[in-house]
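Protein chains: 2
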Amino acid sequence: MDVTGNELLQVFEALANPHRLRIVASLREKRKYVSELAREIKMSRPLLYMHLQRLETAGLVIGKLELSDDGKAMKYFELAEFDYRITPEFITEAVRTLHDKAAEGTEAPHTKEEN
Amino acid sequence: MDVTGNELLQVFEALANPHRLRIVASLREKRKYVSELAREIKMSRPLLYMHLQRLETAGLVIGKLELSDDGKAMKYFELAEFDYRITPEFITEAVRTLHDKAAEGTEAPHTKEEN
DNA sequence: TACACCTGTAATAATATTATTACAGGTGTT
DNA sequence: AACACCTGTAATAATATTATTACAGGTGTA
């Protein structure tokens, strides 16, 4: 296994939204910059921005800030290559490394879990 | 493909919660009835009940109301056998049948989508 | 300078999800 | 009857997510 429970949870949270599923589908065509994609799917840029960040945090898309030929800053997003096989076994395994996010910074330093 | 976009969305929504992931992991041992599982994972029964319903709606667990030997009604939940391979391709395909839930009952009867 | 494009973010409102509490009703046993 | 178990659900509170609006700042071109 190479994904922790919390990482897997973030993936599910990222995919548990119709807009974000559509964003993934759209980015499969080609990479796009934020304003471009916002026009395409008729969504306000700040909102799309938030959705893209959620996808990026989950590792499903990758954002890169580039400078276009005419000097404008363009934030391009492209799909990451992901491939999760969701089965009861897989989830059970991941749950072993699923910890309370609330306590994340609060808990005492421990003997390194599964790094 | 044998899952619609909205069905897939429900699966993701169901799995986008740490409790529900733990429930799935726990049910992998064996089927359990609600009160039993509630004690095990230290969760109030009404709350667990709600989580189980979300999992059931998504098709990830199956609930069966049975009568125990001593006549008590017992609601057993067991894992469904699911196996989703989550890739950009899969999501893109599913998005083709992803519709606004808000309009679900509002829209005019159409020429049968992909049944 | 004004305009048409871009990014990034903060404050707020609207909605949805999660969680609690309190019920009502059903067994069989003491 | 009182008790110890079960299921099912409604009303409400607490939180988290989603969405909007309004900014500030950066390009190059007319």
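Those protein sequences? They're chains A and B, same order as listed. Numbering (my numbering) for the first sequence: 272 to 386. Numbering (my numbering) for the second sequence: 272 to 386. Note that the Cβ used here is the ideal one computed from N, Cα and C, for glycine as well. Source: prediction; values computed, not measured.
Along the chain, where does the alpha helix (DSSP H) containing residue i start, and where does it finish?
| i | result |
| --- | --- |
| residue 357 of chain A | First-last for residue 357 of chain A: 355 to 357, but that is the beta strand (DSSP E), not the alpha helix (DSSP H). |
| residue 294 of chain A | 289 to 300 |
| residue 332 of chain A | That residue, residue 332 of chain A, is in no alpha helix (DSSP H); its beta strand (DSSP E) goes 332 to 338. |
| residue 328 of chain A | 316 to 328 |
| residue 305 of chain A | 305 to 311 |
| residue 282 of chain A | 276 to 286 |
How should residue i be labelled, buried or exposed, when 16 other C-beta atoms within 10 angstroms of its C-beta is the threshold for buried?
| i | result |
| --- | --- |
| residue 284 of chain B | buried |
| residue 370 of chain B | exposed |
| residue 232 of chain B | Nothing can be reported for residue 232 of chain B: it is not among the residues displayed for chain B, which extend from 272 to 386. |
| residue 301 of chain B | exposed |
| residue 336 of chain B | exposed |
| residue 215 of chain A | As displayed, chain A neither begins before 272 nor continues past 386, which places residue 215 of chain A out of reach and without an answer. |
| residue 313 of chain B | exposed |
| residue 318 of chain A | exposed |
| residue 316 of chain B | exposed |
Residue i touches chain B at which residues, Cβ-Cβ below 8 Å?
| i | result |
| --- | --- |
| residue 329 of chain A | Ordered by position in chain B, no residue passes the 8 Å Cβ test against residue 329 of chain A, which lies about 10 Å from the chain. |
| residue 293 of chain A | 366 and 369 |
| residue 353 of chain A | 357, 358 and 359 |
| residue 312 of chain A | The contacting residues do not exist; residue 312 of chain A stays about 11 Å from chain B at best. |
Taking DSSP as the reference, what is the three-state secondary structure of residue i?
| i | result |
| --- | --- |
| residue 369 of chain A | coil |
Run down chain A in chain order and give the residues with a C-beta less than 7 Å from the C-beta of residue i.
| i | result |
| --- | --- |
| residue 284 of chain B | 287 |
| residue 296 of chain B | 362, 363 and 366 |
From what residue to what residue does the beta strand (DSSP E) around residue i run?
| i | result |
| --- | --- |
| residue 345 of chain A | 344 to 350 |
I want to verify the contact list: residues of chain B whose CB lies under 9 Å from the CB of residue i, in sequence order.
| i | result |
| --- | --- |
| residue 275 of chain A | Under the 9 Å cutoff, chain B gives no residues; its nearest Cβ is about 12 Å from residue 275 of chain A. |
| residue 280 of chain A | 286, 287, 288, 289 and 292 |
| residue 299 of chain A | 359, 360, 362 and 363 |
The ligand GDP heavy atoms versus the CB of residue i: any closer than 7 Å?
| i | result |
| --- | --- |
| residue 303 of chain B | You won't find the ligand GDP in this model; it holds no ligand whatsoever. |
Just to make sure I have the definition right: I need the residues of chain A whose C-beta is within less than 9 Å of the C-beta of residue i. Which are they?
| i | result |
| --- | --- |
| residue 267 of chain B | In the structure displayed, chain B extends from 272 to 386; residue 267 of chain B sits before or after that span and is not available. |
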